[in-house]
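Numbering (our numbering), first residue to last: 5 to 323.
For reference, the structure is listed below as structure tokens.
Next comes the structure, spelled out in structure tokens:
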């Protein structure tokens, strides 16, 4: 298992959380705290918990959830560990399709948890190697975290997380299956087995994971992810997102992040689009295959998009 390095101390996601009791102990009162909030110096992130507004305003939804989670840990009257969706920000994992309204923590003491005031407390037996320290807080390890997410999210969102951790090397299929084997008493694990069956560490992004989910959920043939394309000399020159070699068809997911990654200094977005079109033409010349492209808008209409892929597969087979 490879754990990524911790982020720099000055990262706004590491912004300090000030509890009301700490501010009072340092000479403030409720009136002065309100003045700081009104002046835009502090912002309340949870009852009795504040942070610097300038740092908070730089964060996306995942970063702000991470700060709320830290406040919950600081205010907790018992020992808790960040778990489920609330552990993801500490690994910079995607949070697509996940409900960030509640902060999720797990009690290591095994006592019954509760769900109140925006906090979902889980109880569960934690092994010694289930918990690590990240950015000053205790958080569940990626292997267990990936499995936990499948119990509180849709299969599609769960696949995004499992594929992410696999692709980044933070867990392996063997580690996931070994941990899953002792999940027999966990609640809401019906989707977990399905997600693990569909998981693929070659899948590189949220859009690609969602595309794979769409394909498999529609009962379409399983494609090969990151299929290598070779030139006349046998050298690998490209990889396509998904391919059905037996049908002579490949699929590319077009997302904004993908094009930003391809953008070189001095290039415009239109330059990348033209280069990508030339790349597609070259692949078609080398393989004789057809290409289909889908984007975020297509993923919003899975039934229609699945039929588009199904029709392309039929046409490719007939050709």
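We put the beta carbon where it would ideally sit given N, CA and C, even for glycine.
Asked                                                                                                                                                                                           : Found
So residue 120 and residue 147 are supposed to be a Cβ contact under 8 Å. How far apart are they, rounded?                                                                                      : At roughly 29 Å, the Cβ-Cβ gap does not stay under 8 Å, so residue 120 and residue 147 are not in contact.
Got a sec, what are the start and stop residues for the beta strand (DSSP E) residue 250 sits in?                                                                                               : Element bounds for residue 250: n/a, residue is neither H nor E.
So, for residue 234: in the same chain, excluding its five sequence neighbours on each side, which residues have a beta-carbon less than 6 Å away from its beta-carbon?                         : 240
Please state whether DSSP places residue 120 in a helix, a strand or coil.                                                                                                                      : strand
Let me know if residue 195 comes out buried or exposed under the rule of 16 or more other beta-carbons within 10 Å of its beta-carbon.                                                          : buried
Checking the sheet assignment: what are the DSSP bridge partners for residue 58?                                                                                                                : Paired residue(s): none; residue 58 is not in a bridge.
Going by beta carbon distance, what residues of the same chain come within less than 6 Å of residue 110, once the five residues before and after it are set aside?                              : 85, 87, 126, 128
Identify, in the order they occur along the chain, each residue of the same chain with its Cβ nearer than 6 Å to the Cβ of residue 17, setting aside the five sequence neighbours on each side. : 67, 70
Are at least three pairs of beta-carbons, each pair with one atom in the segment 147-163 and one in the segment 17-28, less than 8 Å apart?                                                     : no
Give the straight-line distance between the Cα atoms of residue 108 and residue 205, rounded to the nearest whole angstrom.                                                                     : 26 Å
Using a Cβ-Cβ cut-off of 6 Å (strictly less than) and excluding sequence neighbours within five positions of residue 124, which residues of its own chain qualify?                              : 106, 108
In this structure, how does DSSP classify residue 164 when only helix, strand and coil are distinguished?                                                                                       : helix
Please report how far the alpha carbon of residue 4 lies from the alpha carbon of residue 48, in whole angstroms.                                                                               : In the structure as shown, the chain starts at 5 and stops at 323, and residue 4 therefore has no counterpart that could be examined.
Can you give the Cα-Cα distance for residue 209 and residue 188, rounded to whole angstroms?                                                                                                    : 30 Å
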